[in-house]
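Okay, structure first, notes after.
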Amino acid sequence: MTPRKRKTEEKSNGTTEKNVEKKVLAPDVQKKIDEFYEQQKELLKKFEEDQETIQKPLQKPEEEDERYEDRWLAQATFALNIGSLIGNLVASIISGSLSIMSTFVDSSMDIACSFVMNICLSAISKTDAQKYPRGRDRLELIGVILCSVIMAFANVSMIMQSINSIVNDTVDPKMTNSTIAIVVVQTVIKAVIMWLCYKRASSSSLVIAMDLRNDLMTRSLALICGYLGDYVWRFADPIGAICVCSWIAFSWCRHVIENIPQLVGISAERDQMARILNITLKHDKRIRYIDHSMIYYTGLNAQVELHIVLDEKLPLKVLFFSKNLENPLKNHKFQITHDISHDLEKNIQKLDFVERCFVHVDYNCDGD
């Protein structure tokens, strides 16, 4: 190769490398790629955690202790809501503020919701296994939806009353030190219980925490608007009541919309499907195919239906007779097909989002 040709090729290669270096992805495309790889890392981490989980035995006593903690938090919140109801009633009478009255309506609905949740949790803990073979855990989700509907309708009624007071010009709030003290004390106590609920992080405790979080926001806003209505502009008080009730109604309606699909039978998330399929494929080398998989919700946790394909010659039970002369009738039984499917069911049911798993064994992929 002549020096001139070598220089020409080196020059062309350098130009190509520069063009490659200049090819930079758009920021939004690069962001999506980074998010994809981050999700894959999280999924791989969950795969490892699932393998550790299925190696551990089921611990039912801990589940009972966790349910007891949920009941304790629900009862503590119920007692606090009774105190808040009395305090807000007194504050509403003293001040005449619609914003403070909206907190009274909220407290009364809180008691109704706490009463409903306590009934549901108590019914779940006292379930008759003969009458309800799979338990009554779905009552918890039904209670959450019922509470959401009650809260939404109550706050819509308060909004209509506030609008009516503005139209009829019947607004005259009087904020006193007693009113402010009542609202501040119950707000601090609710903040402490909310922190405990978020720390617990169960489905019931998160519902209670969401309610307490709404209480903190609404009471703070009601206090500010009531004060402004007394000292700055009197219509700030009913407007504050409308804002408070609108936020509560919107929050609970959104919560209903998020939970209804779980009762209807929505499909599980893609990551949850991947975790179950990963466990199935790694469970036993004799599983040749996964013919069909269906993972869906009919309550708080998912139902799993799997159709796996095994070798058609793999027996359900094999008898190996012992050659022991002292006991020639002794034999050993090995349930091959049954053990593969049954152990797979037990492993998948150890996942925290799975309620029940059904494994069907087939000998070919027929899509049935």
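Quick note on numbering: my numbering labels position 41 of the sequence shown as 1312, and the sequence is numbered without any gaps. Ideal placement from N, C-alpha and C gives every residue a C-beta, glycine not left out.
- Per DSSP, reduced to three states, the secondary structure at E1626 is strand.
- In the structure shown, the three-state DSSP call for S1473 is coil.
- Taking 7 Å as the cut-off, the beta carbon of D1508 is found no closer than this to the beta carbon of K1445.
- Look at Y1567 here: in three-state DSSP terms it is strand.
- Per the coordinates, the alpha-carbon of M1380 lies some 45 Å from the alpha-carbon of D1299.
- Y1567 places its beta carbon less than 7 Å from that of S1538.
- Assignment of D1633 by DSSP, reduced to helix, strand and coil, places it in the strand class.
- Counting along the chain, Q1311 sits inside no beta strand (DSSP E); it lies in the alpha helix (DSSP H) bounded by residues P1298 to I1325.
- C-alpha of Q1620 to C-alpha of A1400: approximately 19 Å in a straight line.
- Remark: three or more beta-carbon pairs, one from each stretch, lie closer than 8 Å, so the stretch 1341-1352 and the stretch 1388-1398 are flagged as touching.
- Remark: C-beta atoms of V1527 and I1421 do not approach each other more closely than 7 Å.
- Counting only runs that start and end inside the stretch 1519-1558, the alpha helix (DSSP H) elements of at least 4 residues fall at 1541-1554.
- Looking at the DSSP output, Q1574 bridges to Y1567 and R1627.
- Between S1564 and L1552, the C-beta spacing is not below 7 Å.
- Within the same chain, Cβ atoms closer than 8 Å to the Cβ of D1321 are found at R1546, N1549, I1550 and L1622, the five residues on either side in sequence being excluded.
- When secondary structure is reduced to three states using DSSP, D1614 falls in the helix class.
- With fewer than 16 other beta carbons inside 10 angstroms of its own, N1439 counts as exposed.
- Per DSSP, the unbroken alpha helix (DSSP H) holding M1431 starts and ends at R1409 to N1439.
- Cβ-Cβ distances below 7 Å link W1523 to S1419, M1422 and A1423 in the same chain, with the five nearest sequence neighbours on each side left out; the list follows chain order.
- Within its own chain, the residues whose Cβ lies closer than 7 Å to the Cβ of A1383, once the five positions on either side in sequence are excluded, are I1421, listed in chain order.
- In this structure the stretch 1344-1357 lies against the stretch 1450-1470, because at least three pairs of beta carbons, one per stretch, are closer than 8 Å.
- Within its own chain, the residues whose Cβ lies closer than 7 Å to the Cβ of L1467, once the five positions on either side in sequence are excluded, are L1344, listed in chain order.
- The C-alpha of H1631 lies about 43 Å from the C-alpha of Q1301.
- Annotation: F1506 is outside any alpha helix (DSSP H) and is labelled neither H nor E by DSSP.
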